[in-house]
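Under numbering that gives the first Met the number 0, think of the first position of the sequence shown as 0, with each following residue one higher. Glycine is no exception: its CB is placed at the ideal position from the N, C-alpha and C atoms. Computed from a predicted structure; not experimentally measured.
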Amino acid sequence: MVRQKLLLLVLLFPFSPDSLENCLGVIVQKFSLHNLYNSLPVRSVVVSTFNASLISAVQETPRIRSLTFALDKLISFKPGQFVMLVHREQGRVIKRAYSLCSPSSMPNRISLALNEMMNGTLSPLIYHLKKGATVELEGPYGLFTLHDSPRKKVFLAGGTGISPILSMLYELEQQKKMQDVLVIYSAKKEEDILFRKELAHFEHKGAHVVITLTEEASSSWKGELRRIDQAMLEQYVKKPAACDFYVCGSPQMVQSLLQTLAALKVPSEHIHHERW
Ligand SMILES: Cc1cc2nc3c(=O)[nH]c(=O)nc-3n(C[C@H](O)[C@H](O)[C@H](O)COP(=O)(O)OP(=O)(O)OC[C@H]3O[C@@H](n4cnc5c(N)ncnc54)[C@H](O)[C@@H]3O)c2cc1C
């Protein structure tokens, strides 16, 4: 415990509150600081352990499944947060973070979108779970959550990075705030677009949704076909400095977008991000 506290101090010292918010998930997972996290004053909801039973597994893309679990007790989480999946094996405990993509208004079940990592430790096991299988979950964790502000919200996501954002979009729909939402979502190919039906639903409700492919598209593809870059943001976001940005995706994508947003003079307190 003392070792963990020292480690946390060393970790937190160089970070501003904003950067702490933006890398908390990675820190908690990488250094197994779950117990210490539970005692942090920034935590706004209670962290619990759940027994969860798989009630549906949907093949969303060739490599991603959305898994829905029924919980043994109610969960209270903020859209954008994640849970830790706990796997115990021969005295070893393995924990991995997975963002919740379901609405926070359904406290008896949760969904997550799982990408099977080749040669990964936990994701292949969870990916191939059969209906009725039970797992242990811990959570909720994370500060990548919606901030109340009158500014337009711009969501930039890549791959499974759309997961926490989906949960946020459900929340904004409930608050009838879809008109002030722009989502730019990047996937490699058309078959890799996650939650296409759900994104179409939010578009129907008034959000502006742009899907861009970075590798290839069929001749019938009508969306964008390039990476999310400064030119694309200048095209779709009229006054970037007056917007809130929520960015989620791979470390490389998030890093490059943070540089782009800085170049567009977006104040750092308007930028929230999560990466894995
Ligand atoms: C806040 C947060 C939210 C997340 N949300 C999601 C989500 O919603 N969906 C999702 O799919 N993932 C999410 N992740 C990622 C997830 O937590 C796991 O990191 C991911 O599933 C891989 O776990 P694993 O145990 O299968 O792979 P690991 O065993 O952790 O390995 C990861 C990769 O490293 C490689 N690797 C492992 N060991 C070595 C080695 N010795 N040398 C070289 N390469 C090696 C593996 O081949 C694999 O490709 C999130 C992560 C964070 C931090």
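Which same chain residues end up closer than 8 Å to residue i when comparing Cβ atoms and leaving out the 5 residues on each side of it in sequence?
| i | result |
| --- | --- |
| L128 | L53, A56, L66 and V134 |
| A241 | R150 and K151 |
| K204 | E172 and M177 |
| P266 | A240 |
Look at residue i and residue j and say whether their C-beta atoms are less than 7 Å apart.
| i | j | result |
| --- | --- | --- |
| T211 | E202 | no |
| A112 | I63 | yes |
| R91 | L84 | no |
| K188 | E214 | yes |
| L124 | I93 | no |
| F81 | V153 | no |
| E115 | Y97 | no |
| F68 | I109 | yes |
| T60 | E137 | no |
In the DSSP output, which residue or residues are listed as bridge partners for residue i?
| i | result |
| --- | --- |
| T67 | S55 and S110 |
| K72 | BP columns for K72 are empty, so no partner. |
| Y245 | F154 and H271 |
| L212 | A186 |
| T48 | E137 |
| E223 | T211 |
Might you give, ordered along the chain, the residues of its own chain that have their beta carbon closer than 6 Å to the beta carbon of residue i, omitting 5 neighbours on each side?
| i | result |
| --- | --- |
| V41 | Confidence at V41 is low in this model, with a pLDDT of 46, below 50, so its placement is unreliable and no value can be given for it. |
| S255 | none |
| H86 | I93 and L121 |
| Y169 | P102 |
Which residues in the same chain as residue i place their Cβ atom closer than 7 Å to its Cβ, once the five residues preceding and following it in sequence are excluded?
| i | result |
| --- | --- |
| G157 | S185, G248, S249 and M252 |
| N50 | D71, T133 and E135 |
| D179 | K151 and K152 |
| T259 | D228, Q229 and L232 |
| S162 | S98, C100, L111 and A112 |
> In chain order, which continuous runs of the beta strand (DSSP E) of length 3 or greater are located wholly inside the region 81-149?
Replying inline: 81-88, 91-98, 108-114 and 133-140
>> In chain order, what are the residue ranges of uninterrupted beta strand (DSSP E) at least 3 long that sit wholly in the region 141-210?
In response: 151-157 and 180-186
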